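A.B. asks: Okay, here's the structure, questions in a sec.
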Amino acid sequence: MCLLLVAGLVILISVAATGRSTTWDAIQHRDAPRTVAATRLNLALNDMDAQAANILLSSGDSGTGKGRLDESYSKASGLYRDAQQTISVSLRTLGAASEGDTATEDTVVSLTDDFAHYQELIGRSLENDGHPGGKDAARADYRQATDLLAEQLMPQARHLVDANNAVYEREYEAARSDLSVQLVIEAVLGLMLLVALVVLQVRLARSFQRVFNPALLAATLCAVVAVVCGGRLLTVSEEQLKVARHDSFDSVLALSRSKAIGYDANADESRFLLDASRRSLYEKSFFDKSQQLYGLEGASLSTYDTRLADTWSAYQRDHSNEQFTGEYRRELDNITFAGEREAAERTVEAYAVYQKDDLAFRQLIAEGRLQEATVFCIGWASDTSNAHFGVWMRALDQVTAINAAHHESAIATGRDAVNTQASTAVGALLLVCGLLVVGLRPRLAEFR
């Protein structure tokens, strides 16, 4: 009976350890990376479009280069190429990761084709901008490109983020369910083994007039170690899975989404400057993205800045205050780690500065100070909107890094539990078998 229970525990712990090792491999090398790759694709598409607009804004007169903003033009060109490279890498990563998933494969293929068309339109826009009198033609081509981005590329990119995140969530739920069942079985088998060893000790003591059997006593202690280590394997795995999935990665995802939305909002300002015929469209688009980040019911673009300041002050007095919604609310409701709240709050405060800049930017436009608005929007001096946007993005990166570090730490801790606790538990159970043989052989000899 004891040997059967030991065998059952060895099998259970081995299966659990193998399953958790597979789970950690999937999280580290497939589920998290491809979800992150999808968010990077989302962001890079927005950034590429923004930089294309910035190139056209800073290039000066078509064909002559007169009035060119050299620093802005040079940096926009470099950032455009960086975004283009990031998109290419992300598409390759997602293509490789989607093998076997027909729906995702189809999305990646469609997105790749649409991106090729998008690049063709942008290339034509930039080429026209280099010809005398080509600025209007460049705007028309850019308009087609940004429409393609909004109507085809971005919905597909967001679908990839959601689809890959859903796969991660399903696998997390399946692993958590397995762990719950395994923990119950391990507890039952472990208790039965300990009871069986105690009963065997008592029966031997009564049958052979011995106070205790040292080998069986040692076997019982080894069984306790095995049961505790097996339980630790399962409970630590369950805890670290939650940290890796919800405590950290939910925040990484919300923050990555907010960064992509931020880049798109920033691009809307450049589009607003570039294409006067669509200013109302881009103004609404900017406001819609602001609401996605920090939602304020009943606010308008003109009142948003004041409402943001008021609700943020209320939140700082009482963190349960729910006067705003959006991606930042999602992150602030999922604060888990040391330093995370402070970093998240700095991000929102940097965002508030950027929103004040947007109000100033639109005021310059309303006053007809187009050149000043352009420099303020896409310049790189420390007091420009572009510089404050960079501060906002760096603050966002810092809080993302805190969560990403804990995500990696949870994976490492989970792997360590598999390697250490499983080997210790199985080793202790094998000792139980050996000690049972050692303890029972003399007693059986006496019986004969």
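To convert a position in the sequence shown, counted from 1, into my numbering, add 1233.
Just so you know, even glycine gets a beta-carbon here, dropped at the ideal spot from N, CA and C.
Quick caveat, the model's predicted, so the values are computed rather than measured.
Measuring alpha carbon to alpha carbon, tell me which residue in G1293, D1380, Q1604, I1635 is nearest E1573.
C.D. replies: Taking the first residue of the sequence shown as position 1, residue 1573 is located at position 340. Residue I1635 is the option with its Cα nearest to E1573.
A.B. asks: Pairs of beta-carbons, one from the segment 1644-1657 and one from the segment 1464-1482, closer than 8 Å: are there three or more?
C.D. replies: Enough Cβ pairs lie closer than 8 Å, so yes.
A.B. asks: On a CA-only basis, which of A1370, L1662, V1671 is nearest V1457? Give me that one, please.
C.D. replies: As a first step, residue 1457 is located in the sequence shown; it is residue number 224 there, counting from the start. Out of A1370, L1662, V1671, L1662 has the C-alpha closest to the C-alpha of V1457.
A.B. asks: With a Cβ-Cβ cutoff of 8 Å, do S1331 and T1337 count as a contact?
C.D. replies: Translated into positions along the sequence shown, residue 1331 becomes position 98. Translated into positions along the sequence shown, residue 1337 becomes position 104. Yes, the Cβ-Cβ distance between S1331 and T1337 is below 8 Å.
A.B. asks: Just mark R1372 as buried or exposed, buried being the case when its beta carbon has 16 or more other beta carbons within 10 Å.
C.D. replies: Translated into the one-based positions of the sequence shown, residue 1372 becomes position 139. Answer is buried; the Cβ neighbour count reaches 16.
A.B. asks: Using the Cβ count rule (16 or more neighbours within 10 Å means buried), how would you classify G1559?
C.D. replies: The residue labelled residue 1559 in the question sits at position 326 within the sequence shown. Flag for G1559 reads buried.
A.B. asks: In the DSSP output, what is G1528 paired with across the bridge?
C.D. replies: Within the sequence shown, the letter at position 295 stands for residue 1528. Answer by DSSP bridge pairing, in chain order: T1558.
A.B. asks: Are the segment 1470-1484 and the segment 1367-1381 touching by the rule of at least three beta carbon pairs closer than 8 Å?
C.D. replies: They do not touch, by the three-pair rule.
A.B. asks: Alpha carbon to alpha carbon, how far is Y1548 from F1505?
C.D. replies: Position 315 of the sequence shown, counted from the first residue, corresponds to residue 1548. Position 272 of the sequence shown, counted from the first residue, corresponds to residue 1505. Whole-angstrom Cα-Cα distance: 32 Å.
A.B. asks: Is R1301 helix, strand or coil when you go by DSSP?
C.D. replies: Within the sequence shown, numbered from 1, the residue matching residue 1301 stands at position 68. Correct three-state label for R1301: coil.
A.B. asks: Under a three-way DSSP split, which group does E1234 fall into?
C.D. replies: As a position in the sequence shown, residue 1234 is number 1, starting the count at 1. It is Met, not Glu, that sits at residue 1234 in the sequence shown. Looking at M1234 - three-state DSSP - the assignment turns out to be coil, as it is neither helix nor strand.
A.B. asks: Let me make sure I understand the geometry here. Which of Q1524, N1652, V1239 has the alpha-carbon closest to that of A1429?
C.D. replies: Mapped onto the sequence shown, residue 1429 falls at position 196. Of the listed residues, the one whose Cα sits closest to A1429 is V1239.
A.B. asks: Relative to the ligand FMN, is the shortest distance from any of its heavy atoms to the C-beta of F1594 smaller than 7 Å?
C.D. replies: Looking at this structure, you won't find the ligand FMN or any other ligand, since it has none at all.
A.B. asks: Grouping DSSP H, G and I as helix and E and B as strand, with all else coil, what is P1266?
C.D. replies: Residue mapping note: residue 1266 aligns to position 33 of the sequence shown, counting from 1. Looking at P1266 - three-state DSSP - the assignment turns out to be helix.
A.B. asks: Compare the Cα-Cα distances from V1586 to each of C1610, S1358, V1624 and report the closest residue.
C.D. replies: Looking up residue 1586 in the sequence shown gives position 353. It is V1624 whose Cα lies nearest to the Cα of V1586.
A.B. asks: Looking only at its own chain, which residues have a Cβ that is under 7 Å from the Cβ of K1299, when we skip the five neighbours before and after it?
C.D. replies: Counted from its first residue, the sequence shown places residue 1299 at position 66. Answer for K1299: G1293, listed in chain order.
A.B. asks: Between which two residues does the alpha helix (DSSP H) holding D1339 run?
C.D. replies: Here residue 1339 refers to the residue found at position 106 when the sequence shown is read from its first residue. Looking at the DSSP string, the run of the alpha helix (DSSP H) that includes D1339 is 1335-1362.
A.B. asks: Tell me the DSSP secondary structure of N1446 in three-state form.
C.D. replies: Here residue 1446 is taken as the residue at index 213 of the sequence shown, counted from 1. The answer is coil: DSSP assigns N1446 none of H, G, I, E or B.
A.B. asks: On the criterion of 16 or more Cβ atoms from any shown chain inside 10 Å, does E1471 qualify as buried, or is it exposed?
C.D. replies: Locating residue 1471 in the sequence shown gives position 238, counting from the first residue. Answer is buried; the Cβ neighbour count reaches 16.
A.B. asks: Classify N1652 as buried or exposed, calling it buried when 16 or more other Cβ atoms lie within 10 Å of its own Cβ.
C.D. replies: Counting from 1 along the sequence shown, the entry for residue 1652 is found at position 419. It counts as exposed.
A.B. asks: Compute the Euclidean distance between the alpha carbons of D1695 and L1327, then round it to the nearest angstrom.
C.D. replies: The shown model of the chain, from 1234 to 1681, leaves out residue 1695, and the question about it has no answer.
A.B. asks: Rounded C-beta distance between D1369 and R1357? I'm assuming under 8 Å.
C.D. replies: Here residue 1369 refers to the residue found at position 136 when the sequence shown is read from its first residue. Here residue 1357 refers to the residue found at position 124 when the sequence shown is read from its first residue. Rounded, the Cβ-Cβ distance is 13 Å, inconsistent with contact.
A.B. asks: Exposed or buried, G1363, counting other C-beta atoms within 10 Å across all chains shown (16 or more means buried)?
C.D. replies: Position 130 of the sequence shown holds residue 1363. Counting Cβ neighbours within 10 Å, G1363 comes out exposed, since fewer than 16 surround it.
A.B. asks: L1312 and D1280 - do their beta-carbons sit closer together than 8 Å?
C.D. replies: If you number the sequence shown from 1, residue 1280 lands on position 47. If you number the sequence shown from 1, residue 1312 lands on position 79. Cβ atoms of D1280 and L1312: closer than 8 Å.
A.B. asks: I think L1302 touches V1608, with their Cβ atoms under 8 Å apart; what is that distance to the nearest whole Å?
C.D. replies: One-based indexing of the sequence shown puts residue 1302 at position 69. One-based indexing of the sequence shown puts residue 1608 at position 375. About 7 Å; that satisfies the 8 Å criterion.
A.B. asks: What does the Cβ neighbour count give for N1499, buried or exposed, with the cut at 16 atoms within 10 Å?
C.D. replies: Your numbering for residue 1499 matches position 266 in the sequence shown. By the 10 Å Cβ count, N1499 comes out buried.
A.B. asks: Could you check the C-alpha separation between V1414 and E1406 for me, to the nearest Å?
C.D. replies: Counting from 1 along the sequence shown, the entry for residue 1414 is found at position 181. Counting from 1 along the sequence shown, the entry for residue 1406 is found at position 173. Straight-line Cα distance between these residues: approximately 13 Å.
A.B. asks: Taking only three categories from DSSP, how would you classify H1552?
C.D. replies: One-based indexing of the sequence shown puts residue 1552 at position 319. In the structure shown, H1552 sits in coil (DSSP, three-state: anything other than H, G, I, E or B).
A.B. asks: Could you check whether the segment 1489-1497 touches the segment 1617-1633, counting it as contact only if at least three pairs of C-beta atoms, one from each stretch, sit closer than 8 Å?
C.D. replies: The answer is yes - the segment 1617-1633 touches the segment 1489-1497, with three or more Cβ pairs under 8 Å.
A.B. asks: Below 8 Å, can you find three or more Cβ-Cβ pairs linking the segment 1536-1551 to the segment 1583-1599?
C.D. replies: Because the criterion of three Cβ pairs below 8 Å is met, the segment 1536-1551 and the segment 1583-1599 touch.
A.B. asks: Nearest by alpha-carbon distance to V1670: which of L1433, R1512, E1360 is it?
C.D. replies: Translated into the one-based positions of the sequence shown, residue 1670 becomes position 437. Measuring from the Cα of V1670, the nearest candidate turns out to be L1433.
A.B. asks: Report the CB separation of L1393 from L1274 in whole angstroms; it is logged as a contact under 8 Å.
C.D. replies: Here the question's residue 1393 lines up with position 160 in the sequence shown. Here the question's residue 1274 lines up with position 41 in the sequence shown. Right, their Cβ atoms sit about 7 Å apart.
A.B. asks: Between the C-alpha atoms of S1553 and A1571, what's the straight-line distance to the nearest angstrom?
C.D. replies: Translated into positions along the sequence shown, residue 1553 becomes position 320. Translated into positions along the sequence shown, residue 1571 becomes position 338. Rounded to the nearest angstrom, the two C-alpha atoms are 19 Å apart.
A.B. asks: Are S1503 and N1361 close, meaning C-beta to C-beta below 8 Å?
C.D. replies: Translated into the one-based positions of the sequence shown, residue 1503 becomes position 270. Translated into the one-based positions of the sequence shown, residue 1361 becomes position 128. Not closer than 8 Å, so no.
A.B. asks: At the level of alpha carbons, what is the spacing between A1250 and D1258?
C.D. replies: Residue mapping note: residue 1250 aligns to position 17 of the sequence shown, counting from 1. Residue mapping note: residue 1258 aligns to position 25 of the sequence shown, counting from 1. In a straight line, the C-alpha of A1250 is about 12 Å away from that of D1258.
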